[in-house]
Amino acid sequence: MDKDLHPGRNYLFGWKEAILLAVTFLFMQFLLAGWSAFEMFVLHDNPAYKDYFIIVSYVLTFTGCIFAFDQFIVKPTGSRLSFNMRTSPFSTYLLVFPLMIGGIFIAEYTSGLLPTTGDFFGPWYEQVTGLFARMSLDPFTMMLMTSFFAPILEEILFRGIIQKGLINKGVSPANAIIISAVVFGVVHGNPWQFMGAAILGSVMGLVYYRTKTLLLPILLHAFNNLISSLLVIYTKQESYSEFFGVPENYLLLIGIFLTAVFGYLFIYKNKIHYND
1 MDKDLHPGRN YLFGWKEAIL LAVTFLFMQF LLAGWSAFEM FVLHDNPAYK
51 DYFIIVSYVL TFTGCIFAFD QFIVKPTGSR LSFNMRTSPF STYLLVFPLM
101 IGGIFIAEYT SGLLPTTGDF FGPWYEQVTG LFARMSLDPF TMMLMTSFFA
151 PILEEILFRG IIQKGLINKG VSPANAIIIS AVVFGVVHGN PWQFMGAAIL
201 GSVMGLVYYR TKTLLLPILL HAFNNLISSL LVIYTKQESY SEFFGVPENY
251 LLLIGIFLTA VFGYLFIYKN KIHYND
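Those letters in the sequence shown? Residues 1 to 276, by the UniProt record's numbering.
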């Protein structure tokens with residue numbers, strides 16, 4: 001089941017590939033910093049506070065990493081990078097979305113355990129919340145970035161390239177899912193999003209491994225980001241416990257229940273048809 005005979009999906013992911021992505025990521029940041037400096041010192045404008053710069057810098061960074069992997073890793077083998085984007089049976093959707101909701105509730109609870117005050121965490125947390133507050137002032141920009149570009153580009157990179165490449169290299173599926181989820185969390189750049197991203201990345205990684213289609217984790221990712229964005233934009237609340245008016249512990253129990261029940265059904269009872 002794990003072997004994909006499609007030539008564009010037999011790539012490996014090891015230290016060489018990881019270094020390539022890291023170097024590309026840093027190179028893109030260097031270019032964007034140069035662009036920002038040019039506008040600040042020559043045009044006397046600060047693009048960091050403009051919505052277009054946030055979207056363009058994000059898209060360029062991730063597409064740059066994906067393009068570099070395709071050009072320097074996959075293309076030399078005589079094929080091109082490709083991903084299975086087929087749909088799944090409707091019964092699978094009925095299992096993975098409740099599973100994702102359970103993961104969302106657990107992720108919110110665990111993220112809430114981290115400190116948000118103090119000399120170290122306080123200013124950092126204010127910077128993170130300030131960024132989201134600024135983005136929420138332009139709902140279109142926020143929705144476009146978080147609910148369209150992020151699900152597609154991040155799932156291609158973290159699940160489609162890293163997780164699948166690790167499994168192709170011989171890493172156990174469980175370890176590959178965890179590694180890609182941890183890297184996914186680290187790239188978010190702060191401890192609060194790290195916790196949530198790592199947990200939800202594990203859920204999306206499991207779904208990708210079981211179904212072999214990247215479409216499902218993209219849809220799950222978009223679902224999470226869309227609901228979170230709507231929550232911030234239209235209710236000005238940042239947590240589901242506040243929105244539903246229930247204690248955080250209750251939401252955690254609901255999350256554990258959904259994850260356990262639908263995770264079991266998805267893994268052990270759901271028949272998946274692997275068609276390329």
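Ideal placement from N, C-alpha and C gives every residue a C-beta, glycine not left out.
On a predicted model such as this, the values are computed, not experimentally measured, just so you know.
By Cβ distance, which residues of its chain are closer than 7 Å to residue i, with the 5 residues on each side in sequence left out?
{"i": "residue 248", "result": "109, 112, 241"}
{"i": "residue 157", "result": "62, 65, 66"}
{"i": "residue 100", "result": "203, 220, 223, 224"}
{"i": "residue 152", "result": "218"}
{"i": "residue 243", "result": "231, 235, 237"}
{"i": "residue 132", "result": "232"}
{"i": "residue 144", "result": "55"}
{"i": "residue 197", "result": "184, 185, 188"}
{"i": "residue 279", "result": "Summary: the structure shown does not reach residue 279, with the chain confined to residues 1 through 276, and so no result is reported for it."}
Mind reading off the beta-carbon distance from residue i to residue j? Whole number of angstroms is fine, and I expect it under 8 Å.
{"i": "residue 254", "j": "residue 149", "result": "The Cβ separation is near 30 Å, so there is no contact."}
{"i": "residue 138", "j": "residue 51", "result": "5 Å"}
{"i": "residue 146", "j": "residue 229", "result": "5 Å"}
{"i": "residue 216", "j": "residue 82", "result": "Not really, about 17 Å apart at Cβ, beyond 8 Å."}
{"i": "residue 13", "j": "residue 206", "result": "Between residue 206 and residue 13 the Cβ distance is about 18 Å, and since that is not below 8 Å, they are no contact."}
{"i": "residue 214", "j": "residue 154", "result": "Incorrect: roughly 11 Å between the Cβ atoms, too far for contact."}
Ignore the nearest five residues each way along the sequence and tell me which others in residue i's own chain have a CB closer than 6 Å to its CB.
{"i": "residue 125", "result": "116"}
{"i": "residue 57", "result": "32"}
{"i": "residue 208", "result": "159, 217"}
{"i": "residue 98", "result": "258, 262"}
Going by DSSP, what residue range makes up the alpha helix (DSSP H) through residue i?
{"i": "residue 39", "result": "15-41"}
{"i": "residue 235", "result": "215-235"}
{"i": "residue 99", "result": "90-112"}
{"i": "residue 168", "result": "164-169"}
{"i": "residue 241", "result": "240-244"}
{"i": "residue 267", "result": "Unbroken run through residue 267: none, as it is neither H nor E."}
{"i": "residue 134", "result": "121-136"}
{"i": "residue 140", "result": "139-144"}
{"i": "residue 208", "result": "191-211"}
{"i": "residue 51", "result": "51-69"}
{"i": "residue 151", "result": "150-155"}
{"i": "residue 173", "result": "173-187"}
Is any non-hydrogen atom of the ligand MG found closer than 7 Å to the C-beta of residue i, if you look at the structure I gave you?
{"i": "residue 215", "result": "With respect to the ligand MG, the structure shown offers nothing to examine, as it has no ligands at all."}
Measuring CA to CA, which of the options is closest to residue i?
{"i": "residue 183", "options": "161, 169, 168", "result": "161"}
{"i": "residue 269", "options": "34, 41, 29, 96", "result": "96"}
{"i": "residue 93", "options": "227, 211, 30, 27", "result": "211"}
{"i": "residue 181", "options": "98, 200, 60, 265", "result": "200"}
{"i": "residue 53", "options": "76, 29, 42", "result": "29"}
Can you check whether the C-beta of residue i is within less than 8 Å of a C-beta belonging to chain B?
{"i": "residue 227", "result": "No chain B is present in this structure, which holds just one protein chain."}
For residue i, which residues in the same chain have their Cβ closer than 8 Å to its Cβ, ignoring the five residues on either side in sequence?
{"i": "residue 20", "result": "68, 69, 72, 73"}
{"i": "residue 257", "result": "102"}
{"i": "residue 252", "result": "105, 106, 109"}
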